[in-house]
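Enquirer:
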Amino acid sequence: MELMEAIERYESEVRSYVRSFPTVFEKAQGSYLYDINGKAYLDFFAGASVLNYGHNHPELKKALIDYLAGDNITHSLDMASRARAEFLITFHEKILEPRGLSHRVQFPGPTGTNAVESALKVARKTKGREKIIAFTNAFHGMTLGSLSVTGNAFKRAGAGLPLTHSDPMPFDGYLGEGFNTIDYLERVLDDTGSGVDQPAAVITETIQAEGGVNIASAEWLRRLQALCRKHDMLLIVDDIQAGCGRTGKFFSFEEAGLDPDLITISKSLSGYGLPLALTLVKPEYDIWEPGEHNGTFRGHNPAFVTAKRAIDLFWSDESFSREVAAKGCYIREALEKLASKYPETLGKVRGRGMLQAVEFAHKELASTISAKAFTHGLIIETAGPVDAVLKFLPPLTIEQADLDKGLQIIDRCVIEAMDELGVGAPRAAGQ
Ligand SMILES: *Cc1c(COP(=O)(O)O)cnc(C)c1O
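Per the numbering used here, residue 258 is the first one in the sequence shown, and the count goes up by one each step.
Printed below as a string of structure tokens:
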């Protein structure tokens, strides 16, 4: 049987990315994936920012192979292991301490949604209240608690039951320019007539990556934090996609100078595509009883090994951070240039660091460009409630030549897609 046929016949209908990128991948290295026919695909998606350091980074691979070859611990529930302890030391010394963060590290389970569930539990247990404030177009994962703070109607409907105990509020920019949505939040929290019960916490992303690359300004985030303090609510920052260096700093909230009570990270944390998630909890809110939140896979030893190595390699000094910032500016300028060529079709370019995006006026354009890019050997995904946004997430380690190559493919696909859909005739040169 053909391999793709096996997937179509045996795997559940729920499969999704395989439909957008319909080939059978076999190998990967750096910024490239290769399918079973040997065709190369430049990766501008990086596993939704799981592969910030590229595919099969040689140094991380070596650490993993050495670890496995040495018969070191693979699974130990949450019993102590050398790999676990060494990861904690490195994470503390190179990530938390230099940023003035005193958070305890909880291993909530292997995936991002486990980290979110845990954060919600901690907030509710600490404050003894049920409500959580979440934002329009937020994405926090697929389990019930995470879904209840997620915006997308299609994903929410999958729950099959009412999603309660959360209140959606407008994210930064949701009501257009000239309307500061934090004023609205402040008003409903201050006013005892608003009908909004006092929440236990607010959960937010700093950049809503799945939700369409919507950016919260530093000022908006700081005011949100101040509101949390004023109204005795915990601030949860979900840094699962925007964290681990994607925006230039290790945490995406560093630029705004936030001090979140709870932080979730996962995706690129292991650096190698191995599942690993953390809920970072301020010591005063680490109110768990031993084993109160349990789970079989709470800290995967091989993932500790690659995570530690990735931190040693990329986060021992500022050089990587600067490199990401520079590449981010480069992508940004290229996209702005493209947008200025087709002002009727391409909207404002937005993003921070190496999480950049373009919105299209014609909602089919982004998906058409993504499909065309695939045929030209480039993997790039759409985002937002109607998939009208093209999201640029190349590995942070991408070589300059590959970045240029990918951006050129996009230029070409924009023209091809506009032709196909008969939209947005390009302006004459020099106009
Ligand atoms: C991916 C993601 C999650 C969920 O992580 P999973 O590992 O898919 O459960 C939660 N929040 C954000 C911001 C994400 O990008």
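Backbone N, C-alpha and C fix where the C-beta goes; we use that ideal spot for every residue, glycine too.
#1: How would you label ALA685, buried or exposed, when you count the other beta carbons within 10 angstroms and need 16 or more for buried?
#2: I think VAL562 touches ILE626, with their Cβ atoms under 8 angstroms apart; what is that distance to the nearest whole Å?
#3: Relative to the alpha-carbon of PHE649, which residue among LEU492, VAL373, CYS586, GLU462 has its alpha-carbon at the smallest distance?
#4: LYS640 and GLU467 look like a contact to me (Cβ under 8 angstroms); what is the Cβ gap, rounded to whole Å?
#5: Return helix, strand or coil for GLY452, following the three-state DSSP convention.
#6: If you drop the 5 nearest sequence neighbours on each side, which residues of the same chain put their C-beta closer than 6 angstroms to that of SER338?
#7: Roughly how many angstroms separate the alpha carbons of ALA645 and ASP424, rounded to a whole number?
#8: LEU244 to ARG566, Cα distance in whole Å?
#9: Roughly how many angstroms separate the alpha carbons of GLY469 and ALA614, rounded to a whole number?
#10: Is it the case that the CB of HIS312 approaches a heavy atom of ligand 1 more closely than 7 angstroms?
#11: So, is PRO456 buried or exposed, given that buried needs 16 or more other C-beta atoms within 10 angstroms?
#12: Where do the ends of the beta strand (DSSP E) carrying PHE649 lie?
#13: Identify every residue that forms a DSSP beta bridge with MET426.
#14: I need the straight-line Cα distance from LEU537 to GLU511, nearest angstrom please.
#15: Could you check if GLU467 belongs to the surroundings of ligand 1, using beta carbon to heavy atom distance under 7 angstroms?
#16: Quickly, what does DSSP pair GLN657 with across the bridge? List them, please.
#17: CA-CA distance, MET399 and THR407?
#18: Of the residues ALA391, HIS397, ARG444, which one's Cα is nearest the Cα of PRO427?
Expert: Let me spell this out:
#1: Because ALA685 sits at a pLDDT of 46, beneath the cut-off of 50, its placement in the model cannot be relied upon, and the following sentence gives the value as read from the coordinates. ALA685 comes out exposed.
#2: With 8 angstroms as the limit, VAL562 and ILE626 do not qualify as a contact, their Cβ atoms being about 38 angstroms apart.
#3: CYS586
#4: Sequence check: residue 640 is Ala here, not Lys. Going by Cβ atoms, the distance from ALA640 to GLU467 rounds to 6 angstroms, so yes, they are a contact pair.
#5: coil
#6: ILE330, ASN558
#7: 26 angstroms
#8: Since the first residue of the chain shown is 258 and the last is 688, residue 244 is not available in this structure.
#9: 8 angstroms
#10: no
#11: buried
#12: 646–649
#13: PHE392
#14: 15 angstroms
#15: yes
#16: DSSP output for GLN657 lists no bridge partner at all.
#17: 9 angstroms
#18: ALA391
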